[in-house]
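Undergrad:
Numbering (the working numbering), first residue to last: 91 to 370.
#1: Grouping DSSP H, G and I as helix and E and B as strand, with all else coil, what is residue 134?
#2: Where residue 180 and residue 148 are concerned, what is the direct C-alpha to C-alpha distance, given to the nearest angstrom?
#3: Quick test of your reading: residue 137 and residue 201, contact by CB under 8 Å. State the CB separation rounded to the nearest angstrom.
#4: Count the CB pairs spanning the region 298-315 and the region 180-189 that are closer than 8 Å, and state whether there are at least three.
#5: Threshold first: 3 residues or longer. Then list the beta strand (DSSP E) segments lying entirely within the region 149-192, N to C.
#6: Does DSSP put residue 289 in a helix, in a strand, or in coil?
#7: In this structure, does DSSP put residue 369 in helix, strand or coil?
#8: Hey, is the region 150-168 in contact with the region 213-232, meaning 3+ C-beta pairs nearer than 8 Å?
#9: Mind listing, in chain order, the continuous alpha helix (DSSP H) runs of no fewer than 4 residues lying wholly within the region 204-269?
#10: Do residue 331 and residue 275 count as a contact pair if the criterion is CB distance below 7 Å?
#11: Measuring only the C-alpha atoms, how far is residue 290 from residue 174?
#12: Give the DSSP-derived three-state secondary structure of residue 305 in the structure shown.
#13: Looking at residue 209 and residue 280, is the spacing between their C-beta atoms short of 7 Å?
#14: On a Cα-Cα basis, can you pick out the residue from 203, 353, 342 that is closest to residue 269?
#15: Report yes or no: do three or more beta-carbon pairs, one from the region 340-357 and one from the region 251-261, lie closer than 8 Å?
See the structure below:
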């Protein structure tokens, strides 16, 4: 179930939180994940117990195998002079981040497969119903927004991230951010179609639950190759948006001040300390 695969994003999405808050989430991962899963499907007692056992094993693996990788990447960021960052370094960091996600997806797939096989017909119907409702809410939210509104939201997100990692930004950096937001290709309709296609694949998966070979193969692909259902148009937009983002980031970093460099190092140091603490 592709939506359940978003569990793994809880770990890497902690980067949007403060280190202190992320630590709280990580230490209470069983509760956080259970709440997340049950926003899609109501589990019975046996399923909750199974999920808790799986999460315990997952947390042990993650601590032993993945956290050292995060520490290594964070250290490379800490050691880097922001004003010397080039496109190769930026792309390398992005590829490394994506490899973390793929590793998490591969590890969590067998556990979620077992959990999905335990769902009743009623639970499967509930899951699809919740997917439909969230898709409807997603499309309604964006369809009510003008292009100007959407670009303002892009700018707010960019500005928030810049201030978080660099502190106060200059007027020049703010202008680069504005141009960045204006040049992003809007993708909400493409993502809407992708979500519908994924929903349909999940419906087919559930309908063929008695075909174990198909079920396992399709489930594994949904979890580990979500991009298979990306349209050519979406792939093109994503590629161009990444290029726009990288160009904008490099332009901003070319104007970075010593104070902003210190702010960035302080943020990374907080995350380094968190990762080290979680490994103890």
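Don't be surprised by glycine CBs; every beta carbon is placed ideally from N, CA and C.
Fair warning: this is a prediction, and the values are worked out from it, not measured in the lab.
TA: Inspection of the coordinates gives the following:
#1: Counting from 1 along the chain shown, the entry for residue 134 is found at position 44. Secondary structure at residue 134: coil, using DSSP grouped into helix, strand and coil.
#2: Walking along the chain shown from the start, residue 180 turns up at place 90. Walking along the chain shown from the start, residue 148 turns up at place 58. Rounded to whole angstroms, residue 180 to residue 148 spans 30 Å at the Cα level.
#3: Taking the first residue of the chain shown as position 1, residue 137 is located at position 47. Taking the first residue of the chain shown as position 1, residue 201 is located at position 111. Contact doesn't hold; Cβ gap of about 12 Å is too wide.
#4: Touching, no.
#5: Secondary structure within the region 149-192: not one fully enclosed beta strand (DSSP E) run of 3 or more consecutive residues is present.
#6: Position 199 of the chain shown, counted from the start, is the residue given in the question as residue 289. In this structure, residue 289 counts as helix in the three-state DSSP scheme.
#7: By one-based count along the chain shown, residue 369 stands at place 279. Coil, per DSSP.
#8: No: fewer than three Cβ pairs fall under 8 Å.
#9: Runs of the alpha helix (DSSP H) inside the region 204-269: 211-233, 237-256.
#10: Counting from 1 along the chain shown, the entry for residue 275 is found at position 185. Counting from 1 along the chain shown, the entry for residue 331 is found at position 241. In this structure, residue 331 lies closer than 7 Å to residue 275 by Cβ.
#11: Position 200 of the chain shown, counted from the start, is the residue given in the question as residue 290. Position 84 of the chain shown, counted from the start, is the residue given in the question as residue 174. Roughly 46 Å between the two C-alpha positions.
#12: Here the question's residue 305 lines up with position 215 in the chain shown. If DSSP states are grouped into helix, strand and coil, residue 305 belongs with the helices.
#13: As a working note, residue 280 is residue 190 in the chain shown. As a working note, residue 209 is residue 119 in the chain shown. For residue 280 and residue 209, no; Cβs fall outside 7 Å.
#14: By 1-based counting over the chain shown, the position of residue 269 is 179. That would be 342, whose Cα lies nearest to the Cα of residue 269.
#15: Enough Cβ pairs lie closer than 8 Å, so yes.
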